[in-house]
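Below is one structure; the comments refer to it alone.
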Amino acid sequence: FKKIVEDTLKDIVEKGVDKKLLQATLSRFEFNYREGGGTQKAIIYYIRALNSWLYDRSPLESLEFNDIIEEIKTSADKGFVEEYIKEKILNNNYSVILSCTQELDKNLKEENELKEKLREFKESLSPEKIDKIKENAENLFKYQLEDDSEEDKKQYLCLN
Numbered sequence: 353f354k355k356i357v358e359d360t361l362k363d364i365v366e367k368g369v370d371k372k373l374l375q376a377t378l379s380r381f382e383f384n385y386r387e388g389g390g391t392q393k394a395i396i397y398y399i400r401a402l403n404s405w406l407y408d409r410s411p412l413e414s415l416e417f418n419d420i421i422e423e424i425k426t427s428a429d430k431g432f433v434e435e436y437i438k439e440k441i442l443n444n445n446y447s448v449i450l451s452c453t454q455e456l457d458k459n460l461k462e463e464n465e466l467k468e469k470l471r472e473f474k475e476s477l478s479p480e481k482i483d484k485i486k487e488n489a490e491n492l493f494k495y496q497l498e499d500d501s502e503e504d505k506k507q508y509l510c511l512n
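Here the sequence shown stands for residues 353 to 512, where the numbers follow my numbering.
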């Protein structure tokens, strides 16, 4: 797997990144960044400003992104992406290969363990305690099914 990734990245560095694809990706990034990713812009700008302020930078710094986007576009045209891949990934002596494998029947095992714990807990209870738990559960269920009183309904918050 490592060889496939390295060979693919070497190929990208040698041939260069597809310029149209790169420009399309940058344009999409710029659009999403300016528009706040499809949510309310004001909230996104507020969060960005707070994040800058949190790390002891000017809150306005995060809102001034025209220069940064232009620098990214210019750098991309000059082979920044290829150089970055070469320097940070291919010529890096340190790497990690992480393999995740599934544990078959994990949910079933956990469910059985829980059933066993609950069975042991139930066996440790007296018959009176079990009856009390059942009674409390029934009372809760009945309470949840009851309609609220008119007095309580008047206290509901309503959005008009």
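Glycine is no exception: its CB is placed at the ideal position from the N, C-alpha and C atoms.
What does the alpha-carbon distance come out to for the pair VAL521 and PHE417?
Because the chain here runs from 353 to 512, residue 521 falls outside it and cannot be looked at.
How many whole angstroms separate the CB atoms of ILE482 and LYS474, which I take to be in contact at a CB cut-off of 8 Å?
7 Å
Can ALA394 and LEU415 be called in contact, C-beta distance under 8 Å?
no
On the three-pair Cβ rule with 8 Å, is the region 401-412 touching the region 445-453?
no
In this structure, does DSSP put LYS461 in helix, strand or coil?
helix
For PHE381, tell me which candidate among GLU422, VAL357 and GLY368 has the shortest Cα-Cα distance.
GLU422
Under the assumption that LEU361 contacts ILE441 (Cβ atoms under 8 Å), give the Cβ distance between them as a whole number of angstroms.
6 Å
Opening and closing residue of the alpha helix (DSSP H) in which ILE485 lies
479-497
Sub-8 Å separation of LYS425 and LEU378 beta-carbons:
yes
By alpha-carbon positions, which one of ARG386, GLU435, GLU462 and ARG409 ends up nearest to GLU366?
GLU435
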